[in-house]
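*Asks:* In the working numbering, the protein residues as written are 1 to 701.
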């Protein structure tokens with residue numbers, strides 16, 4: 001009897017749990033739906049916004065009837081101008097404002113509205129007399145705007161009412177379900193409580209019987225004491241298993257220590273072990289009055305290899321570099337990997353500067369030898385910074401920081417070299433930190449300006465394009481060259497904000513020149529990181545739309561390194577930019593990359609020959625042959641070519657002799673401020689670029 005009732009209780013309880021869960025779920029959706037019934041301020045704002053728009057539209061239309069063709073009062077024209085300006089501002093806010101964007105998403109045709117306002121503006125606000133046909137066209141435009149606004153509001157209001165009715169029906173259904181489930185849960189809970197109350201005494205009796213059975217069972221266990229011997233044997237086996245497990249734990253501990261003290265990729269010392277050994281070397285050096293050298297290494301161009309050939313190849317490269325570094329060291333020296341492509345070497349008990357130089361030179365030589373990885377021959381180099389105890393510092397942190405500073409100095413001096421730390425480097429490092437802080441503030445305040453250098457068409461001598469170049473003057477009035485602050489901005493992650501500012505500012509300026517009737521193309525440099533963000537097409541599209549610049553008047557300059565990365569997303573973005581009508585150019589073409597297959601894979605229009613090949617064009621046969629090859633390649637691929645850095649007539653003559661299409665350089669103009677460039681454009685006469693009398697005189701090109 002008791003078992004049967006217990007089953008009933010369990011059944012009721014099992015039924016009660018899903019009922020409670022369903023009730024909670026229904027209550028959750030009920031609360032969720034009810035919470036949506038509160039006043040939606042955004043909907044109210046949209047309704048008021050469109051009603052104000054319709055009111056302003058009607059007032060403007062009425063004012064037009066009173067002002068044209070014959071003003072009814074003295075102030076009729078002024079009243080119309082006032083209401084038309086209000087209507088113009090309203091249409092602009094639809095394009096740019098937060099509410100306007102929501103209204104556009106709901107189906108309002110803001111583009112036609114803006115075009116209609118622009119049409120009215122172009123008819124009424126000119127000096128010519130207005131014909132009856134033009135006035136009738138304006139009236140038709142107002143009527144169309146009014147009809148479109150009224151139709152939009154009718155559709156939106158109907159949808160809003162239908163949505164609210166659906167919400168009310170949903171809430172009613174959820175409330176009915178929640179009430180039914182809650183009532184059912186209450187009934188089932190009371191039933192369980194009733195059964196529990198009735199069976200309480202019986203459960204107590206069952207407890208007494210169970211205790212009696214347990215007592216008997218205990219007595220039986222005592223009588224079976226002989227089974228303990230078997231259990232002891234089993235425990236012995238378990239102890240052996242525990243010993244084995246402890247050994248495995250010790251092995252795992254040793255492996256953990258190994259992973260903690262050694263880099264898992266290169267098996268060099270980790271930063272923790274490096275710091276410990278460095279401090280031990282310093283303690284011994286203080287006691288024995290000897291010296292310790294710290295070498296800080298960074299691989300040159302590793303990021304490019306890692307990005308273009310893949311991380312697996314990059315890992316193999318790091319392993320090979322670690323082996324080669326170890327080959328150059330003594331048994332007591334320590335090599336460590338600091339992370340990425342950075343390594344450090346401790347040279348304790350050095351005999352002198354010559355010893356450090358010999359070790360550094362051996363490391364540079366070993367790393368510069370070609371490596372065969374992933375079926376390709378890879379060349380790598382390193383930059384080494386050196387600090388010495390006790391001359392440069394007394395602790396590991398100071399010596400590491402100064403070696404790092406010296407390493408960056410080695411990179412600045414051309415890479416693949418070593419550099420000892422000097423106090424001058426400390427000063428330069430402090431100046432770099434100051435420059436970093438100033439650059440962050442400049443980006444925040446947009447404290448930059450653009451200058452513009454013209455691009456000349458060689459056949460006509462006319463200015464057909466202009467390149468926008470960024471300039472920065474810090475708060476002390478010092479002009480910071482782009483070659484200094486642009487790499488710094490890339491390191492700090494500020495280049496995207498700077499690039500977006502340059503794009504917007506240059507397009508605004510180009511739009512102004514477009515309105516002035518200046519037929520030129522604006523050329524703008526974009527960073528690799530802007531393409532990595534994967535929204536550069538949307539940025540360009542939005543900028544063109546906001547500034548009103550025609551896409552064919554914009555040229556985007558990219559570097560070869562962007563095209564060397566096998567990234568389908570970058571290719572898709574370039575295709576979208578090309579389809580928009582924007583020209584794509586490769587800047588600094590020919591500087592370091594031998595594979596030209598990407599010229600067929602990517603939608604490139606123009607090549608810009610780097611100025612380093614133009615400087616010694618007439619006297620350096622290697623540069624001449626390279627430029628000639630680029631021009632021939634471009635002609636075969638139907639690409640345009642711009643020669644950068646043309647500074648004298650001999651360079652121009654050599655380029656003309658080989659049919660170079662466009663020139664850019666100080667021979668024609670230095671970079672100019674916007675106003676100065678406007679005056680230059682409006683006053684300049686074409687540059688007459690006559691080809692040399694004898695092409696044979698420039699056969700070296």
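Note that the Cβ used here is the ideal one computed from N, Cα and C, for glycine as well.
What residue ranges within the segment 205-278 form continuous alpha helix (DSSP H) runs of no fewer than 4 residues, ordered along the chain?
*Replies:* Within the segment 205-278, the complete alpha helix (DSSP H) runs of at least 4 residues are 228-261.
*Asks:* Please report the straight-line C-alpha distance between residue 425 and residue 452, rounded to a whole angstrom.
*Replies:* To locate residue 425, count along the chain shown from 1; it is residue 425. To locate residue 452, count along the chain shown from 1; it is residue 452. In a straight line, the C-alpha of residue 425 is about 35 Å away from that of residue 452.
*Asks:* What distance in whole Å lies between the Cβ atoms of residue 642 and residue 363, which are believed to be in contact at a cut-off of 8 Å?
*Replies:* Sequence index remark: in the chain shown, residue 363 carries index 363 (1-based). Sequence index remark: in the chain shown, residue 642 carries index 642 (1-based). About 42 Å; that fails the 8 Å criterion.
*Asks:* Roughly how many angstroms lie between the CA atoms of residue 523 and residue 553, to the nearest whole one?
*Replies:* Within the chain shown, residue 523 is the residue found at index 523, counting from 1. Within the chain shown, residue 553 is the residue found at index 553, counting from 1. Their Cα atoms are separated by approximately 9 Å.
*Asks:* State yes or no: is the C-beta of residue 501 within less than 8 Å of the C-beta of residue 448?
*Replies:* Numbered from its first residue, the chain shown carries residue 501 at position 501. Numbered from its first residue, the chain shown carries residue 448 at position 448. Yes; because the gap between Cβ atoms is below 8 Å, this pair is in contact.
*Asks:* Report the three-state DSSP secondary structure of residue 149 (helix, strand or coil).
*Replies:* The residue labelled residue 149 in the question sits at position 149 within the chain shown. The answer is helix: DSSP assigns residue 149 an H, G or I state.
*Asks:* Determine the closest residue to residue 307 out of 528, 156, 293, 277, with distance taken between C-alpha atoms.
*Replies:* Within the chain shown, residue 307 is the residue found at index 307, counting from 1. Closest by alpha carbon: 528.
*Asks:* If you compare alpha carbons, which of 180, 340, 605, 569 is closest to residue 582?
*Replies:* Your numbering for residue 582 matches position 582 in the chain shown. The option with the nearest alpha carbon to residue 582 is 605.
*Asks:* How is residue 451 classed by DSSP in three states: helix, strand or coil?
*Replies:* Position 451 of the chain shown, counted from the first residue, corresponds to residue 451. It is a strand residue.
*Asks:* My understanding is that residue 266 touches residue 322, with C-beta atoms under 8 Å, so please give their C-beta distance in whole angstroms.
*Replies:* Taking the chain shown and counting its residues from 1, one reaches residue 266 at position 266. Taking the chain shown and counting its residues from 1, one reaches residue 322 at position 322. Indeed they touch by this definition, with Cβ atoms about 4 Å apart.
*Asks:* What residue from 588, 416, 539 has the CA that sits closest to residue 574's CA?
*Replies:* Locating residue 574 in the chain shown gives position 574, counting from the first residue. The shortest C-alpha separation from residue 574 is found at 539.
*Asks:* Specify the secondary structure class of residue 427 as computed by DSSP and reduced to three states.
*Replies:* For the purposes of this step, residue 427 is taken as the residue at position 427 of the chain shown. Helix at residue 427.
*Asks:* Is DSSP giving residue 487 helix, strand or coil here?
*Replies:* Numbered from its first residue, the chain shown carries residue 487 at position 487. In the structure shown, residue 487 sits in a helix (DSSP, three-state: H, G or I).
*Asks:* Taking the alpha helix (DSSP H) that residue 541 belongs to, which residues open and close that run?
*Replies:* Here residue 541 corresponds to residue number 541 of the chain shown, with the count starting at 1. From DSSP, the alpha helix (DSSP H) with residue 541 extends over 536-547.
*Asks:* Tell me the residue span of the alpha helix (DSSP H) that contains residue 330.
*Replies:* Translated into the one-based positions of the chain shown, residue 330 becomes position 330. Counting along the chain, residue 330 falls outside any alpha helix (DSSP H), and DSSP gives it neither H nor E.
*Asks:* Quick check on residue 629: does DSSP put it in helix, strand or coil?
*Replies:* Here residue 629 refers to the residue found at position 629 of the chain shown. Helix at residue 629.
*Asks:* Put residue 583 into one of helix, strand or coil per three-state DSSP.
*Replies:* Taking the chain shown and counting its residues from 1, the one referred to as residue 583 is at position 583. Strand, per DSSP.
*Asks:* Confirm, please, whether the CB-CB distance from residue 480 to residue 489 is below 8 Å.
*Replies:* By one-based count along the chain shown, residue 489 stands at place 489. By one-based count along the chain shown, residue 480 stands at place 480. Not closer than 8 Å, so no.
*Asks:* Our contact map puts residue 385 next to residue 296 with C-beta atoms below 8 Å; I'd like the distance itself, whole angstroms only.
*Replies:* The residue given as residue 385 occupies position 385 in the chain shown. The residue given as residue 296 occupies position 296 in the chain shown. At roughly 5 Å, the Cβ-Cβ gap stays under 8 Å, so residue 385 and residue 296 are in contact.
*Asks:* Determine, using beta carbons only, whether residue 272 and residue 261 come nearer to each other than 8 Å.
*Replies:* To locate residue 272, count along the chain shown from 1; it is residue 272. To locate residue 261, count along the chain shown from 1; it is residue 261. Cβ atoms of residue 272 and residue 261: closer than 8 Å.
*Asks:* Between the C-alpha atoms of residue 195 and residue 188, what's the straight-line distance to the nearest angstrom?
*Replies:* Along the chain shown, read from residue 1 onward, the residue named residue 195 stands at position 195. Along the chain shown, read from residue 1 onward, the residue named residue 188 stands at position 188. About 11 Å.
*Asks:* Reducing DSSP to helix, strand and coil, say where residue 560 ends up.
*Replies:* Within the chain shown, the letter at position 560 stands for residue 560. The answer is helix: DSSP assigns residue 560 an H, G or I state.
*Asks:* So, at 8 Å on beta carbons, what are the nonlocal neighbours of residue 516 in its own chain, with the 5 sequence-adjacent residues on each side left out?
*Replies:* What you label residue 516 is simply residue 516 of the chain shown in a count that begins at 1. Closer than 8 Å at the Cβ level, and outside the excluded window around residue 516, lie 678.
*Asks:* Which term fits residue 413, buried or exposed, when burial requires 16 or more other beta carbons within 10 angstroms of its beta carbon?
*Replies:* Locating residue 413 in the chain shown gives position 413, where the first residue counts as 1. Exposed.
*Asks:* Candidates 473, 482, 116: which alpha carbon is nearest residue 57's?
*Replies:* As a working note, residue 57 is residue 57 in the chain shown. Residue 57 has its Cα closest to that of 116, out of 473, 482, 116.
*Asks:* Rounded to whole angstroms, what is the Cα-Cα separation between residue 533 and residue 572?
*Replies:* As a position in the chain shown, residue 533 is number 533, starting the count at 1. As a position in the chain shown, residue 572 is number 572, starting the count at 1. Looking at the two C-alpha atoms, the distance is approximately 13 Å.
*Asks:* Going by C-alpha distance, which of 639, 633, 659, 664 is nearest residue 648?
*Replies:* In the chain shown, residue 648 corresponds to position 648, counting from 1. With distances taken between Cα atoms, residue 648 lies closest to 664.
*Asks:* Could you pull the start and end residues of the beta strand (DSSP E) that residue 606 belongs to?
*Replies:* The residue labelled residue 606 in the question sits at position 606 within the chain shown. That run of the beta strand (DSSP E) goes 606-609.
*Asks:* Quick one: is residue 314 buried, meaning 16 or more other Cβ sit within 10 Å of its Cβ, or exposed?
*Replies:* Residue 314 sits at position 314 when you count from the first residue of the chain shown. Buried.
*Asks:* So residue 418 and residue 344 are in contact, right, with Cβ under 8 Å, and what is the actual spacing, rounded?
*Replies:* On the chain shown, residue 418 is found 418 positions in, with the first residue counted as 1. On the chain shown, residue 344 is found 344 positions in, with the first residue counted as 1. Not really, about 13 Å apart at Cβ, beyond 8 Å.
*Asks:* Would you identify the three-state DSSP class for residue 551, choosing helix, strand or coil?
*Replies:* Within the chain shown, numbered from 1, the residue matching residue 551 stands at position 551. The answer is helix: DSSP assigns residue 551 an H, G or I state.
*Asks:* Let me confirm a value: residue 645 is counted as buried when at least 16 other C-beta atoms fall within 10 Å, else exposed. Which label applies?
*Replies:* By one-based count along the chain shown, residue 645 stands at place 645. So residue 645 counts as buried.
*Asks:* Could you say which of 375, 329, 270 lies nearest to residue 309 if we only look at CA atoms?
*Replies:* The residue given as residue 309 occupies position 309 in the chain shown. For residue 309, the nearest C-alpha among the options comes from 375.
*Asks:* Is the number of C-beta pairs between the segment 389-405 and the segment 283-294 that are closer than 8 Å three or more?
*Replies:* Short answer: they touch.
*Asks:* Cα separation between residue 217 and residue 207?
*Replies:* Position 217 of the chain shown, counting from 1, holds the residue named residue 217. Position 207 of the chain shown, counting from 1, holds the residue named residue 207. If I take the Cα positions, the gap works out to 15 Å.
*Asks:* So, for residue 64: in the same chain, excluding its five sequence neighbours on each side, which residues have a beta-carbon less than 6 Å away from its beta-carbon?
*Replies:* For the purposes of this step, residue 64 is taken as residue 64 along the chain shown, with counting starting at 1. So the list reads 80, once near-sequence residues are dropped.
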